[in-house]
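Undergrad: So that we are looking at the same thing, I have put the structure below in structure tokens.
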Amino acid sequence: AQSVSQHNHHVILSEAASLELGCNYSYGGTVNLFWYVQYPGQHLQLLLKYFSGDPLVKGIKGFEAEFIKSKFSFNLRKPSVQWSDTAEYFCAVNANDYKLSFGAGTTVTVRA
Amino acid sequence: GAVVSQHPSRVICKSGTSVKIECRSLDFQATTMFWYRQFPKQSLMLMATSNEGSKATYEQGVEKDKFLINHASLTLSTLTVTSAHPEDSSFYICSARDPTSGRAFFGPGTRLTVT
Numbered sequence: 014a015q016s017v018s019q020h021n022h023h024v025i026l027s028e029a030a031s032l033e034l035g036c037n038y039s040y041g042g043t044v045n046l047f048w049y050v051q052y053p054g055q056h057l058q059l060l061l062k063y064f065s066g067d068p069l070v071k072g073i074k075g076f077e078a079e080f081i082k083s084k085f086s087f088n089l090r091k092p093s094v095q096w097s098d099t100a101e102y103f104c105a106v107n108a109n110d111y112k113l114s115f116g117a118g119t120t121v122t123v124r125a
Numbered sequence: 007g008a009v010v011s012q013h014p015s016r017v018i019c020k021s022g023t024s025v026k027i028e029c030r031s032l033d034f035q036a037t038t039m040f041w042y043r044q045f046p047k048q049s050l051m052l053m054a055t056s057n058e059g060s061k062a063t064y065e066q067g068v069e070k071d072k073f074l075i076n077h078a079s080l081t082l083s084t085l086t087v088t089s090a091h092p093e094d095s096s097f098y099i100c101s102a103r104d105p106t107s108g109r110a111f112f113g114p115g116t117r118l119t120v121t
């Protein structure tokens, strides 16, 4: 069964700092990769997704992620965070059975 | 860590019948649960927000009379797909927020196939 690992449980940083959240998956075949964000009290929103093509994917709100197939990774980055980026971030993967598998999530706290 | 379960994990039903899917938070009380639908190899689509003790809030385009949501207790929300049709075949995923930690947890999903 495929699994998704997010390395950081909780990240705390200051405004304007750079953010990188790690995500690794275990499935060896063709995968579709997603990053979602959930702001306090709200539902999940899609930040970005990778299906094929350019492994560097740009999403909304200045986020980007890079798919490195050899490392089974899909790390999320943002060069300069804002207080409004405080949220929980989920990496998700689906493969042949199309069911999404989620990582445990990373809580990001941005201090003003 | 906190766990959210869904039952059943997989269900096959005939067109025209109704199917109930349960979402339970196992070790925390969730005043709010979310129901999502996932089409093959696509992103999640929020269907509705389930609030304990009150009516669910449905997203635009989601038929509230077709997808009945009941959140009767702080640990259980149910989604009933009424008069199911083949186009309702999909994965249905719920999530619940642990108010103590503020973290969200996802159920494993229910695969519905309508024949």
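Chains Y and V supply the protein sequences, listed in that same order. Final position of the first sequence in this note's numbering is 125; the numbers increase by one with none missing. Final position of the second sequence in this note's numbering is 121; the numbers increase by one with none missing. A virtual CB, placed ideally from N, CA and C, is assigned to each residue, including glycine. Computed from a predicted structure; not experimentally measured.
Measuring CA to CA, which of 61(V), 88(V), 121(V), 52(V) is closest to residue 24(V)?
TA: 88(V)
Undergrad: With C-beta atoms as the reference, is residue 49(Y) less than 9 Å away from residue 106(Y)?
TA: no
Undergrad: Measure the Cβ-Cβ separation of residue 56(V) and residue 38(V) and say whether it is below 9 Å.
TA: yes
Undergrad: Taking three-plus beta-carbon pairs below 8 Å as touching, is the region 62-71 of chain V in contact with the region 9-19 of chain V?
TA: Too few Cβ pairs lie closer than 8 Å, so no.
Undergrad: Between the alpha carbons of residue 84(V) and residue 29(V), how many angstroms are there, rounded?
TA: 6 Å
Undergrad: Which residues mark the beginning and the end of the beta strand (DSSP E) in which residue 98(V) is found?
TA: 96-103
Undergrad: Let's test the definition: count the other Cβ atoms within 10 Å of the Cβ of residue 42(V) and tell me whether it reaches 16, buried, or not, exposed.
TA: buried
Undergrad: Using C-beta distances below 6 Å, list every residue in its chain close to residue 44(Y), excluding the 5 sequence neighbours before and after it, in chain order.
TA: Same-chain partners within the cutoff: 106, 108.
Undergrad: Ignore the nearest five residues each way along the sequence and tell me which others in residue 72(Y)'s own chain have a CB closer than 6 Å to its CB.
TA: 60, 61
Undergrad: Hey, is the region 94-104 of chain V in contact with the region 112-120 of chain V, meaning 3+ C-beta pairs nearer than 8 Å?
TA: yes
Undergrad: Assuming residue 96(Y) is part of the beta strand (DSSP E), what are its boundary residues?
TA: Taken as a continuous stretch (DSSP letters only), residue 96(Y) belongs to no beta strand (DSSP E), as it is neither H nor E.
Undergrad: Could you give the distance in angstroms between the alpha-carbon of residue 26(Y) and the alpha-carbon of residue 35(V)?
TA: 30 Å
Undergrad: Let me confirm a value: residue 103(V) is counted as buried when at least 16 other C-beta atoms fall within 10 Å, else exposed. Which label applies?
TA: buried
Undergrad: How would you write the range of the beta strand (DSSP E) that residue 21(Y) sits in, first residue to last?
TA: Segment: none, residue 21(Y) is in no beta strand (DSSP E) and carries neither H nor E.
Undergrad: By the DSSP assignment, the beta strand (DSSP E) with residue 13(V) in it spans what residues?
TA: 10-13
Undergrad: If you draw a straight line from the C-alpha of residue 104(Y) to the C-alpha of residue 44(V), how long is it?
TA: 15 Å
Undergrad: At 7 Å on the CB atoms, spell out the chain V contacts of residue 101(Y), in chain order.
TA: 109, 110
Undergrad: According to the Cβ coordinates, are residue 75(V) and residue 90(V) closer than 9 Å?
TA: No, Cβ-Cβ distance for residue 75(V) and residue 90(V) is not below 9 Å.
Undergrad: In three-state DSSP terms, what is residue 93(V)?
TA: helix
Undergrad: Between which residues of its own chain and residue 57(Y) is the CB-CB distance below 6 Å, once the five residues before and five after are set aside?
TA: 49, 51
Undergrad: In the DSSP output, which residue or residues are listed as bridge partners for residue 86(Y)?
TA: 37(Y), 81(Y)
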